[in-house]
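Protein sequence lines, in the order shown, are assigned to chains Z and U. If you read the first sequence in my numbering, its first letter stands for residue 1, the second for the next number, and so on. If you read the second sequence in my numbering, its first letter stands for residue 1, the second for the next number, and so on. Heads up, the beta-carbon is just placed ideally off N, CA and C, and yes, glycines get one too. Have a look at the structure below before the remarks.
2 protein chains.
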Amino acid sequence: MTDTTGAPSGNRATSVVAPRPAGSVASRVTGTVRVVGAGLLGASIGHALRAKGVDVVLADMSPAQLRLAIDYGAGRAESPDDRPSLIVVAVPPDVTAAVIETELARYPEAVVTDVASVKLEPFRTLQQRGVDLTRYIGSHPLAGRERGGAISARADLFIGRPWVVCRDEETRPADLALVEALALDVGAMPVEMTPEEHDRSVALISHVPQVVASLLAGRFATAEDGALRLAGQGVRDTTRIAASAPELWVQILGANAGPVVEILDELAADLQEVSAALRAPEEPGARRVVAETIRQGNDGVERLPGKHGQNRRFEQLIVMVDDTAGQLGRLFGDLGALGVNVEDFRLEHSPGAQFGLAELSVDPAALHGAIAGLQEHGWRIAGTTND
Amino acid sequence: MTDTTGAPSGNRATSVVAPRPAGSVASRVTGTVRVVGAGLLGASIGHALRAKGVDVVLADMSPAQLRLAIDYGAGRAESPDDRPSLIVVAVPPDVTAAVIETELARYPEAVVTDVASVKLEPFRTLQQRGVDLTRYIGSHPLAGRERGGAISARADLFIGRPWVVCRDEETRPADLALVEALALDVGAMPVEMTPEEHDRSVALISHVPQVVASLLAGRFATAEDGALRLAGQGVRDTTRIAASAPELWVQILGANAGPVVEILDELAADLQEVSAALRAPEEPGARRVVAETIRQGNDGVERLPGKHGQNRRFEQLIVMVDDTAGQLGRLFGDLGALGVNVEDFRLEHSPGAQFGLAELSVDPAALHGAIAGLQEHGWRIAGTTND
């Protein structure tokens, strides 16, 4: 994993992926940041930036949502004198392009980014309308919660998460730096991709899994009670994301239809191949088709980042964190002060529990120092994973 | 959820689903229990029964596995004088029928059950061989771990889990009671089903989800690194079970091919319908197909038992439990002594963490008493979920 902190020490081995502790160090972004759309993502960006002392202006079509976000401290209301250096468009996918166009025209000095989960469609729509996109840099933080709205916003929503930034040939380096500074200030890891790369990637790791989980869970809607009583943790995990909101997903899937259709068709063919093998399980080769399906799945899941995957060469350190917004920031701040490089991060959390388990992947050589140092700072170490 | 404790008080409202605390009350099963196959399930049954004072005899084709299980305390080696009242066959699916036949012949007084995850195939195989199946009652505990073998066995593996018992017309009530006593003694909830009902049910809630998760994860085996870096908790959950062992699943899917094929074909058709809708998203009705797919998934996932599902009318109580085998037994024992009826149970657990979070669904009227009582018994309450 690349060192993305831009820490001034230049010492890659001892810097942390997440930024300096919230509130204790100045922000990287300069000037006022205007956030259009005060829902979960917009309000969370507001909270995270304000914790760094950034002046955040919030706007939203819904006066109620806007007042709620301001009441919760995600930013202030706009004023006619605002001269934002950066505008973050955090509105539903179907209005993203229109809002980007309006904001570019209204603030001719500002850099404009958006956080929509599809990147090619808004870009093409704006190009077709002949909009000058020099100051526009699309981006997408891979973060979210099951519940939406300003009321669910949290300053630590982006900590340790990838934030895709889509530059093009026209992009000015200073503008790119401003969008990457935004990602770093909220604790995310900037990842550069073309819009095409981004959309293919999220089709594979987000949009198709959503369709598959929804179709699988959809079969439970009409199933017998008796069958469902036997359900355990495995199928609960497999279908958890099927609880997602239909309105949003109709927009996302429609906007990224090309890459999604390609993978869905491949999957349908794969399903039929397994089905054919099981229909005649004694035929030569049939058992091999089934075995290869499971084995290939073993290989694939091994490659996912996180505790089951690529970070096998790291040690997992599990720290208890209270369920309050500032705790993760403080944890990453302490890790930074200890010179511990966090290679991967994951939060295990039961809704309603007063704390969660933060799983951190660290270099084996740094493990013991990290444990001792964190305990000195008052953190409770819940364990280490080492298999 | 049905009261399945068989508690002699007859007071359904104040009994717990899980049995009396391990070690503190006599077992329900009488006589010696012989467990054939000292892997994860067999050795875990041994540990749980021995904690209740039951005489457990272990047998395994592998002398090394057998010695390991005995060393860990799951039971004793067999002797020529053994007269088991109950035999539990816990061997791989492809040898289950043959071992059942051998055991029925060798111990003509014993009741024989098995724990294989498919129930119709071994039954039919034995019928076709003309074996008298009066003393055979197939069963299936819905429990497991990601790692197998005697070394991974735990006495609390079955606590709160369903244990399907397949009686037929020939089954003698006393024999059925003995198999249900086994399930209750290890903390499971007996559920009666026909073999056909069982196999259709597990195809839906276990076997098809396994195929789907494996096929989805299989696409990551050849994906670009950049795409996988964007993977988050959603896709990790959706594909977690893809880490399962190919050898076992070839046997399971082959043995339950009929019901699995039926659902796989329906899913393939569903995938193609969504794909067709996304290929022409502006056609009339196309967006509705996508929206209905997601909405139907919402409905289905709501029906799964557990925190997302049927138990909305209950309060969730989250208790910290140390990661030691006796802790869950002690917790359920204390809940029983407090007269708290546990409607559902789920354990959140990070591998390597020294404790887990036990989520218990209880009647809202019992919540405050449960919290106070558990705290008096020294339990740490991590929170309550109430949405």
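Subject >> Opening and closing residue of the alpha helix (DSSP H) in which I100/Z lies >> reply: Translated into positions along the first sequence, residue 100/Z becomes position 100. Looking at the DSSP string, the run of the alpha helix (DSSP H) that includes I100/Z is P93 to R106.
**OP:** Can you check the region 160 to 220 of chain U for any alpha helix (DSSP H) of at least 4 residues that lies completely inside it and give the ranges in chain order?
**Re:** 173 to 185, 195 to 202 and 208 to 218
Original post:
With distances taken between CB atoms, is the gap from S44/Z to R154/Z smaller than 8 angstroms?
Top reply: Counted from its first residue, the first sequence places residue 44/Z at position 44. Counted from its first residue, the first sequence places residue 154/Z at position 154. Taking 8 angstroms as the Cβ cut-off, S44/Z and R154/Z qualify as a contacting pair.
Original post:
In chain Z, which residues lie less than 9 angstroms from W249/U when you measure between Cβ atoms?
Top reply: Here residue 249/U is taken as the residue at index 249 of the second sequence, counted from 1. Ordered by position in chain Z, the residues that pass the 9 angstroms Cβ test against W249/U are V290, A291, T293 and I294.
Subject >> Which residues DSSP lists as bridging I87/U, in chain order >> reply: Translated into the one-based positions of the second sequence, residue 87/U becomes position 87. Answer is R34/U and V112/U, bridged to I87/U.
**OP:** With a 10 Å radius around its C-beta and 16 neighbouring C-beta atoms as the bar for buried, classify A18/U as buried or exposed.
**Re:** The count along the second sequence starts at 1 and reaches residue 18/U at position 18. Because A18/U sits at a pLDDT of 37, beneath the cut-off of 50, its placement in the model cannot be relied upon, and the point is left open.
**OP:** May I ask you to verify whether the region 131 to 138 of chain U touches the region 92 to 107 of chain U, counting CB pairs closer than 8 angstroms and requiring at least 3?
**Re:** yes
Original post:
Between the C-alpha atoms of E302/Z and A243/U, what's the straight-line distance to the nearest angstrom?
Top reply: On the first sequence, position 302 is the one that residue 302/Z refers to. On the second sequence, position 243 is the one that residue 243/U refers to. One C-alpha to the other measures close to 8 angstroms.
**OP:** Excluding the 5 residues preceding and the 5 following D94/Z in the sequence, name in chain order all residues of the same chain whose CB lies nearer than 7 angstroms to its CB.
**Re:** In the first sequence, counting from the first residue as 1, residue 94/Z sits at position 94. Q251.
Subject >> Whether P305/U touches R229/Z by CB criterion (8 angstroms) >> reply: Taking the first residue of the second sequence as position 1, residue 305/U is located at position 305. Taking the first residue of the first sequence as position 1, residue 229/Z is located at position 229. Contact: yes.
**OP:** Below 8 angstroms on the Cβ atoms is my guess for L178/Z versus V111/Z; work out the distance and round it to an integer in Å.
**Re:** Within the first sequence, residue 178/Z is the residue found at index 178, counting from 1. Within the first sequence, residue 111/Z is the residue found at index 111, counting from 1. That pair is a contact at about 5 angstroms.
Original post:
Does any C-beta atom of chain U lie closer than 8 angstroms to the C-beta of F314/Z?
Top reply: For the purposes of this step, residue 314/Z is taken as residue 314 along the first sequence, with counting starting at 1. Taking Cβ atoms only, chain U never reaches closer than 8 angstroms to F314/Z, which makes this a no.
Original post:
Going by DSSP, which residues form a beta bridge with V56/U?
Top reply: The sequence position of residue 56/U within the second sequence is 56, counting from 1. DSSP lists V33/U as partners of V56/U.
**OP:** Establish whether the CB of T134/U and some CB of chain Z are separated by less than 8 angstroms.
**Re:** As a position in the second sequence, residue 134/U is number 134, starting the count at 1. Not an interface residue.
Original post:
Looking at R303/Z and the ligand NAP, is the gap between the Cβ and the nearest heavy atom below 7 angstroms?
Top reply: Absence of the ligand NAP is noted for the structure shown, with no ligands found whatsoever.
**OP:** Determine, using beta carbons only, whether V36/Z and A90/Z come nearer to each other than 8 angstroms.
**Re:** Here residue 36/Z refers to the residue found at position 36 of the first sequence. Here residue 90/Z refers to the residue found at position 90 of the first sequence. Yes, Cβ-Cβ distance for V36/Z and A90/Z is below 8 angstroms.
**OP:** Answer with buried or exposed for Q375/U, where buried requires no fewer than 16 other C-beta atoms within 10 angstroms of its C-beta.
**Re:** Here the question's residue 375/U lines up with position 375 in the second sequence. Taking a 10 Å sphere around the C-beta of Q375/U, we find fewer than 16 other C-beta atoms and assign the residue as exposed.
Subject >> Ranges of the beta strand (DSSP E) found wholly within the region 112 to 155 of chain U, counting only runs of at least 3 >> reply: The qualifying runs are 138 to 141.
Subject >> Residue closest to D81/Z, alpha-carbon to alpha-carbon, out of A255/Z, L367/Z and R34/Z >> reply: Residue numbering aside, residue 81/Z sits at position 81 when the first sequence is read from its first letter. The option with the nearest alpha carbon to D81/Z is R34/Z.
**OP:** Take Q127/Z and list the residues in its own chain whose beta-carbon comes closer than 8 angstroms to its own, dropping the five residues that flank it on each side.
**Re:** Counted from its first residue, the first sequence places residue 127/Z at position 127. Hits under 8 angstroms: L133.
**OP:** State the Cα-Cα distance for the pair L41/U and L360/Z, rounded to the nearest angstrom.
**Re:** Stepping through the second sequence from its first residue, residue 41/U is reached at position 41. Stepping through the first sequence from its first residue, residue 360/Z is reached at position 360. Distance between the alpha carbons of L41/U and L360/Z: 32 angstroms.
Original post:
Does any CB atom of chain U fall closer than 8 angstroms to the CB of L267/Z?
Top reply: By one-based count along the first sequence, residue 267/Z stands at place 267. It does: the Cβ of L267/Z has a partner Cβ on chain U nearer than 8 angstroms.
Subject >> Inter-residue Cα distance where the pair is I263/U and L204/U >> reply: Taking the first residue of the second sequence as 1, we reach residue 263/U at position 263. Taking the first residue of the second sequence as 1, we reach residue 204/U at position 204. Rounded to the nearest angstrom, the two C-alpha atoms are 7 angstroms apart.
Original post:
What's the gap between the Cα of G187/U and the Cα of V29/U?
Top reply: Your numbering for residue 187/U matches position 187 in the second sequence. Your numbering for residue 29/U matches position 29 in the second sequence. For G187/U and V29/U, the distance between alpha carbons rounds to 13 angstroms.
Original post:
The alpha helix (DSSP H) with E273/U in it runs from where to where?
Top reply: Counting from one through the second sequence, the residue named residue 273/U turns up at place 273. A257 to R279 is the extent of the alpha helix (DSSP H) around E273/U.
Subject >> Min CB distance F332/U to chain Z below 8 angstroms >> reply: Counting from one through the second sequence, the residue named residue 332/U turns up at place 332. False, the Cβ-Cβ gap to chain Z never drops below 8 angstroms.
Subject >> Helix, strand or coil at P21/Z according to DSSP, with G and I counted as helix >> reply: Within the first sequence, residue 21/Z is the residue found at index 21, counting from 1. Its pLDDT being 41, under 50, P21/Z is placed unreliably by the model, and nothing is read from it.
Original post:
What does DSSP give as the partner residues of A77/Z in its beta bridges?
Top reply: In the first sequence, residue 77/Z corresponds to position 77, counting from 1. Beta-bridge pairing links A77/Z to L58/Z.
Original post:
Under a Cβ-count criterion, where at least 16 other Cβ atoms within 10 Å of its own Cβ denotes burial, should H198/U be classed as buried or exposed?
Top reply: Taking the second sequence and counting its residues from 1, one reaches residue 198/U at position 198. It is buried - the Cβ of H198/U has at least 16 other Cβ atoms within 10 Å.
Subject >> Pair within 8 angstroms by beta-carbon distance, P122/Z and G138/Z >> reply: What you label residue 122/Z is simply residue 122 of the first sequence in a count that begins at 1. What you label residue 138/Z is simply residue 138 of the first sequence in a count that begins at 1. Yes; because the gap between Cβ atoms is below 8 angstroms, this pair is in contact.
**OP:** Just the chain Z side, please: which residues come within less than 9 angstroms of Q272/U by C-beta, in chain order?
**Re:** In the second sequence, counting from the first residue as 1, residue 272/U sits at position 272. Ordered by position in chain Z, the residues that pass the 9 angstroms Cβ test against Q272/U are L264, D265 and A268.
Original post:
At what residues does the alpha helix (DSSP H) containing R50/U begin and finish?
Top reply: Mapped onto the second sequence, residue 50/U falls at position 50. Unbroken alpha helix (DSSP H) run through R50/U: L40 to R50.
**OP:** Report the rounded CA-to-CA distance for A183/Z versus V88/Z, giving the unit in angstroms.
**Re:** The residue labelled residue 183/Z in the question sits at position 183 within the first sequence. The residue labelled residue 88/Z in the question sits at position 88 within the first sequence. Cα to Cα, the separation comes out at about 11 angstroms.
Original post:
If you draw a straight line from the C-alpha of G356/Z to the C-alpha of T32/U, how long is it?
Top reply: On the first sequence, residue 356/Z is found 356 positions in, with the first residue counted as 1. On the second sequence, residue 32/U is found 32 positions in, with the first residue counted as 1. Distance between the alpha carbons of G356/Z and T32/U: 44 angstroms.
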